[in-house]
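Asker: Taking the working numbering, I'd label the letters of the sequence shown as residues 820 to 1074. Note that CB positions come from ideal geometry on N, CA and C, so glycine has one too. Source: prediction; values computed, not measured.
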Amino acid sequence: MGGAAMMLTLTACAATPPAPDLAAIYSRAAAVDSQQRRPVVTIPGTLGSRLVDRDSGAVIWGGDTALSLDPDDPAAMRLIALPFGPPETPLRALRDGVRTDGVVRTANASLFGATVSLEIYSGIIETLIAGGYDFRETRAAEISDRTVNLDAFEFPYDWRRDIVEAAQDLAYFIERKRVQVAQERLRVFGRLTEPVRFDLVAHSMGALVARYYLMYGAQDLPADGGLPPLTWEGAQNVETVVFIAPPNAGAIGAF
């Protein structure tokens, strides 16, 4: 019997550990009044955001039935690949018709002919929901300026592109949500007890996006290849940050 098959057999025979009682574990956190709870933003890692073709609506990464389009289909792979241009063309100017459409919570994969459901970010979201956060799944087609959660947001970003670009998008996202949350709390509670600040939960590449935002805000990299002035501009809008497996020294699996 092959090693992979033997591992699957042993795994199937092993007892499944009991799931933690999240409601009991986070009951005290869930009891905190939503007016006092800081809004949380979850930032996924590489491959953690759903990507959609703007023109056709086709999901090119993070679909419900398969994570990716057919890797043997050249046309499909051209959809997910970053566009190329002349060497002097800045990366920021190389655009295609791909947009983000939410965070990938679960995915299905085929294993030995059977469909297996994989947990991607659903575990993190379910834990935060158990803590009392109002996490609605926010696909882009369902979002409007009138759809405002008071305390929980997902920040999907195009993980194919530059971290600085994603950090700048995060800066605009947090500023927009800060205004929306303040307006909604005024409407619901009639007052603001304190300025709106956020907690961040960032995984893998998302931690690098969050770190750049905290240190430099929405600043771009200078033309000389150095770093922008260290202002901690983003940190002014953030109270607590949770980094999950941040690749601070790089990721060997990428090479």
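Does the beta-carbon distance from E1058 to G1036 come in below 8 angstroms?
Answerer: Against a cut-off of 8 angstroms, the Cβ pair of G1036 and E1058 comes out as no contact.
Asker: Under a Cβ-count criterion, where at least 16 other Cβ atoms within 10 Å of its own Cβ denotes burial, should L1017 be classed as buried or exposed?
Answerer: Checking the displayed sequence, the identity of residue 1017 turns out to be Phe instead of Leu. It is buried - the Cβ of F1017 has at least 16 other Cβ atoms within 10 Å.
Asker: By the 10 Å Cβ neighbour count, where 16 or more other Cβ atoms means buried, how is E1013 classified, buried or exposed?
Answerer: It is exposed - the Cβ of E1013 has fewer than 16 other Cβ atoms within 10 Å.
Asker: Tell me the residue span of the beta strand (DSSP E) that contains V1020.
Answerer: Here the beta strand (DSSP E) through V1020 covers F1017 to H1022.
Asker: Is A1029 near V1000, with beta carbons less than 8 angstroms apart?
Answerer: No, the pair does not count as a contact, with Cβ atoms beyond the cut-off.
Asker: For L790, tell me which candidate among I993, W978 and R979 has the shortest Cα-Cα distance.
Answerer: The requested residue 790 is not part of the displayed model; the chain covers only 820 to 1074.
Asker: Establish whether the CB of V983 and some CB of chain C are separated by less than 8 angstroms.
Answerer: Given the protein chain composition of this structure (a single chain), no chain C is represented.
Asker: Short check: CB of P902 to CB of D915, under 8 angstroms?
Answerer: It is a contact, given that the beta carbons lie within the stated cut-off.
Asker: By DSSP's criteria, L937 is part of a beta bridge. Which residues make up the other side?
Answerer: The partner list for L937 (beta bridge, DSSP) reads A926.
Asker: Out of A933, L910 and Y1032, point me to the one whose CA is closest to R979's CA.
Answerer: Here the closest residue by C-alpha is L910.
Asker: Find out if the Cβ-Cβ distance for the pair G942, P975 is shorter than 8 angstroms.
Answerer: Not closer than 8 angstroms, so no.
Asker: Let me confirm a value: T1050 is counted as buried when at least 16 other C-beta atoms fall within 10 Å, else exposed. Which label applies?
Answerer: T1050 is exposed by the Cβ-count criterion.
Asker: Compute the distance between the beta-carbons of P890 and A971, then report whether it is under 8 angstroms.
Answerer: Contact flag unset, no.
Asker: Is it buried or exposed, Q1002, if we count other Cβ atoms within 10 angstroms and call 16 or more buried?
Answerer: Under this definition Q1002 is an exposed residue.
Asker: Tell me which same chain residues have a C-beta within less than 6 angstroms of the C-beta of P1065, skipping the five on either side of it?
Answerer: Contacts found: A1026.
Asker: Just the C-alpha distance for E984 and V935, rounded to the nearest angstrom, thanks.
Answerer: Near 34 angstroms, if we compare the C-alpha coordinates of V935 and E984.
Asker: Name the two residues that bound the continuous alpha helix (DSSP H) containing D988.
Answerer: Counting along the chain, the alpha helix (DSSP H) containing D988 begins and ends at I982 to F1008.
Asker: Is T919 helix, strand or coil by DSSP?
Answerer: Three-state result, T919: strand.
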